[in-house]
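Okay, structure first, notes after.
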Amino acid sequence: MGAFAASAVWSCQAWADDPTIGFITTLSTPAGYIGEDIRDGFQLAITEEGGKLGGVAVKLVIEDDALKPANAKQAVDRMIQSGVKLFTGVNFSNVLAAVLPGVLESGGTYVSVNAGPSTFAGEKCNAGYFVASFQNDAFHETAGLAANDLGYKKMVLLAPNYQAGRDALEGFKRTYKGEIAGEIYTKLDQTDFSVELARVRSMTPDAIYQFHPGGAGINFAKQYANAGLAKTIPMLIPSFSMDARMVSATGDASEGIYASAIWTTETGNPASRAFVAAFKRAYARMPTMYAQQAYDTARLVGSALQAVGGDLTKRDEFRKALRAAEFTSVRGKFAFGPNQHPIQDYYLTRFEKNGSGEIVQTIVRKIASDYGDVYSASCKMN
Amino acid sequence: MLLLVEQLLNGLQYGAMLFMLASGLTLIFGIMGVINLTHGAFYMIGAYSAAFAVLGTGSFLVGALSALVGAGLYAVLVELAVIQWLYRRDHLYQVLATLGLILFTNEAVSILFGRKPPLMDIPPFLRGSVGLLPGLDYPVIRLAFIAIGALVAIGLWGLVNHTRLGMLIRAGADDREMVDALGVDIRRLYTLVFGLGGVLCGLAGVMAAPLLAIEIGMGERVLITTFVVIVIGGVGSIRGALVGALLVGMVDSLGRAYLPQALQLLLPASVADTLGAGLVSASIYVLMALVLLVRPLGLLPARA
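Chains as they are written, first to last, in our numbering: chain A, 1 to 382; chain Z, 383 to 686.
This is how it looks when you write it as structure tokens:
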């Protein structure tokens with residue numbers, strides 16, 4: 001009987017078009033490698049099921065946004081015109097802000113693989129918007145908890161002077177209990193941090209917390225080690241400030257850095273081990289956290305597609321199934337809070353050499369269980 | 383006090399790096415009248431050449447040579463293939479063409495070498511710090527940076543003031559038609575100057591590579607500051623580029639070091655923080671505006 005029902009659903013699918021997933025991400029520009037990992041992680045879940053997600057054959061339409069919100073908006077508008085109802089893939093918060101309103105107005109559903117800006121987590125939360133990665137602030141808040149846990153009494157905080165940088169330090173200060181010896185804002189396009197490093201040294205903190213994504217993060221870690229500070233003043237970061245590719249670009253400079261994380265390649269559960277092995281087999285490189293988030297997103301979408309038999313016109317049922325989050329997350333525990341952002345565990349991790357001399361992100365201990373975000377309280381879902 | 387000395391050294395080092403980039407740019411702009419946005423790409427080519435040569439051979443010296451040759455050759459190639467045809471055109475054409483070349487170079491590098499940034503370690507003889515004063519250790523590589531910058535300044539001064547080539551360069555900056563009329567092959571001179579600019583970028587690239595991240599688009603980050611330097615110093619003047627680079631280096635470093643604290647003495651902390659961060663980002667542009675207000679042609683213009 002069950003087999004019959006399944007085949008009926010399948011034949012129905014053969015009639016209708018396969019559900020299309022609009023996938024907009026950043027594939028060009030220096031940040032393109034992150035988009036590649038997001039795409040490859042998502043694709044891996046589809047390939048593993050032989051072109052299906054949750055037993056439903058899906059069509060993935062991939063567009064490069066080149067980190068330009070306007071490009072992304074155009075691509076999405078085109079897809080909406082051609083009837084696409086489900087979107088994902090965007091890496092950067094500013095691109096997401098351009099894409100999201102259009103998707104939601106058209107009655108579509110968006111599931112975020114990475115960006116989780118505060119703007120859409122509180123009052124502006126929406127029944128059609130899900131974040132399968134993390135709320136941006138949560139990373140910094142749990143880093144603050146980690147700093148308390150590590151016993152740092154006096155810290156210096158550094159971030160670039162733009163919205164995400166200021167948010168990062170606000171998030172950290174929300175939970176950190178010790179004294180803040182100084183807050184240093186760097187320039188957004190800064191490549192040399194000698195001046196800031198000299199200031200850090202003169203303030204003699206127990207540790208520093210710094211948030212510099214991409215090339216700036218590589219520069220910061222290299223110069224921190226070169227100035228001899230890495231040996232005397234420990235560094236704490238949110239884990240996206242040092243992904244696998246940045247580690248290889250910094251040499252040994254990343255060794256000993258602490259980071260707050262939701263997942264690393266060293267996460268011990270069976271689903272995670274299977275994912276890492278499959279990713280390495282498919283792409284001959286280690287997955288970053290972005291690849292893992294995309295893989296989880298694909299599995300989440302699969303669970304909801306299965307629930308509605310691939311029929312995206314059953315919008316409310318599809319969203320309800322997403323909200324239930326009935327899938328095995330590579331991270332371990334995963335659930336959605338009232339604002340459809342994750343409630344999950346956060347870990348303190350450390351960059352260390354493993355047995356074969358490669359630097360990996362070892363998990364030290366759990367620092368927060370079932371951690372949500374501060375914005376969910378102001379979310380009135382309608 | 384020691385902190386001040388250290389920050390002055392940091393300013394000097396940043397100035398040295400800016401000077402290597404700005405001296406080539408100011409020659410190209412001042413003598414040939416070409417706005418060359420591709421200049422930053424030469425710097426990136428230098429860093430990439432160095433990193434891959436070091437990866438292949440393990441020798442820093444080979445890496446340095448490859449950087450100079452690679453960046454120089456690419457500059458000559460760009461001049462011969464594209465810039466040559468644009469000398470008589472409006473600046474807008476040059477901006478469009480060289481902007482296109484930036485996109486082309488970045489994409490070509492990512493196709494050839496992949497998006498994963500290569501790693502270049504600091505060579506053993508430049509590793510670590512030396513004690514300059516009691517209580518003040520300064521990284522050797524940054525001192526080397528300052529020394530190389532000084533050597534480049536002396537070398538360029540000798541080249542421009544005491545060689546036939548330098549004479550032609552100065553003459554070209556003053557009156558290019560006359561130089562042409564006197565039977566000098568101005569085309570070849572231009573190609574040569576372009577190549578020289580490229581070599582200087584390559585030098586900056588190999589010096590910066592172990593200290594900074596080597597990445598696609600690294601040149602564009604410094605390009606705007608480099609333009610600020612030559613506008614402050616006076617377009618076309620090497621002396622101007624030197625003064626401009628040191629001034630910008632110092633203002634940027636000391637501004638970042640002391641401006642936020644200075645403001646905290648005058649204003650409440652929350653206001654001082656945001657204002658300070660903003661002012662630090664804008665400090666070199668404020669400097670440029672002030673200089674242009676007093677001396678519209680820059681501090682030491684080539685054609686006074």
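All residues carry an ideal CB built from backbone N, CA and C; glycine is no exception.
Taking the beta carbon of S663 of chain Z as reference, the chain A residues within 7 angstroms of it are N161, K187, listed in sequence order. For the 7 angstroms CB-CB criterion, I363 of chain A and E255 of chain A do not form a contact. CA-CA distance, G584 of chain Z to A684 of chain Z, rounds to 25 angstroms. Looking only at A:L322, A:Q306, A:G171, A:N161, the smallest Cα-Cα distance to D189 of chain A is reached by A:N161. Buried is the label assigned to Q43 of chain A, since at least 16 other Cβ atoms lie within 10 Å of its Cβ. Within the stretch 189 to 201 of chain A, D189, T191, D192, S194, V195, E196, A198, R199 place their CB atoms closer than 8 angstroms to a CB of chain Z, listed in sequence order. If you draw a straight line from the Cα of T175 of chain A to the Cα of I262 of chain A, it comes to about 17 angstroms. Straight through space, the alpha carbons of A249 of chain A and E352 of chain A are spaced by roughly 15 angstroms. Contact between F139 of chain A and A115 of chain A is absent: CB atoms are separated by about 12 angstroms, not below the 8 angstroms threshold. Only exposed fits T47 of chain A, as fewer than 16 other CB atoms lie within 10 angstroms of its CB.
With respect to the C-alpha of P342 of chain A, the residue from A:G144, A:N354, A:D370 having the closest C-alpha is A:D370. Under the three-state reduction of DSSP output, Y396 of chain Z falls in the helix class.
I536 of chain Z sits away from L394 of chain Z, with the two beta carbons spaced by 7 angstroms or more. Under the Cβ criterion of 7 angstroms, Y33 of chain A is counted among the residues facing chain Z. Within the stretch 435 to 450 of chain Z, not one residue has a Cβ closer than 9 angstroms to any Cβ of chain A. Between A259 of chain A and I233 of chain A, the CB-CB gap reaches or exceeds 7 angstroms. Secondary structure in the stretch 344 to 371 of chain A: the beta strand (DSSP E) runs of 3 residues or longer, each lying completely within the stretch, are 359 to 371 in chain order. The way I'd put it, the stretch 602 to 618 of chain Z does touch the stretch 391 to 408 of chain Z; three or more beta-carbon pairs between them come closer than 8 angstroms. Sequence-distant Cβ neighbours of V99 of chain A in its own chain, meaning closer than 8 angstroms and more than five residues away, are I24, P69, A72, K73, V76, F87, V90, Y110.
For a cut-off of 8 angstroms, the C-beta gap from Q293 of chain A to V113 of chain A is around 5 angstroms, short enough to register as a contact.
Residue burial is scored here from C-beta neighbours: H421 of chain Z has at least 16 other C-beta atoms within 10 angstroms and is therefore classed as buried.
The DSSP assignment places complete beta strand (DSSP E) segments of no fewer than 3 residues inside the stretch 143 to 194 of chain A at 154 to 160, 179 to 186, in order along the chain. By the criterion of a C-beta distance shorter than 7 angstroms, V581 of chain Z is surrounded in its chain by L450, A453, G454, once the five residues flanking it on both sides are discounted. Secondary structure within the stretch 58 to 121 of chain A: the beta strand (DSSP E) runs of 3 or more consecutive residues, fully enclosed, are 59 to 64, 86 to 88, 109 to 112 (chain order). Counting other Cβ atoms within 10 Å of its Cβ, I551 of chain Z reaches 16 or more and is therefore classed as buried. Taking C-alpha positions only, R319 of chain A is separated from L60 of chain A by approximately 19 angstroms. In the three-state reduction of the DSSP assignment, K52 of chain A falls in the strand class, which pools E and B. In terms of Cβ geometry, Y290 of chain A and I34 of chain A form a close pair [threshold 7 angstroms].
Among the residues of the stretch 481 to 513 of chain Z, those with a Cβ less than 7 angstroms away from any Cβ of chain A are R497, K498, P499, L501, D503, I504, S511, in the order of the chain. When DSSP reads this structure, M235 of chain A sits in a beta bridge with A:I208.
Under the three-state reduction of DSSP, I262 of chain A is assigned to coil, being neither helix nor strand.
Beta-bridge partners of T25 of chain A (DSSP): A:D64. The beta-carbon separation of S28 of chain A and D64 of chain A, rounded to 6 angstroms, stays under the 8 angstroms limit for a contact. For the pair V653 of chain Z and V630 of chain Z, the CB atoms are not nearer than the 7 angstroms cut-off. Non-local C-beta neighbours of A168 of chain A in its own chain, meaning closer than 6 angstroms and more than five positions away in sequence, comprise H140, A159, F211, ordered along the chain.
In this chain, F507 of chain Z is not harboured by any beta strand (DSSP E), its DSSP state being neither H nor E.
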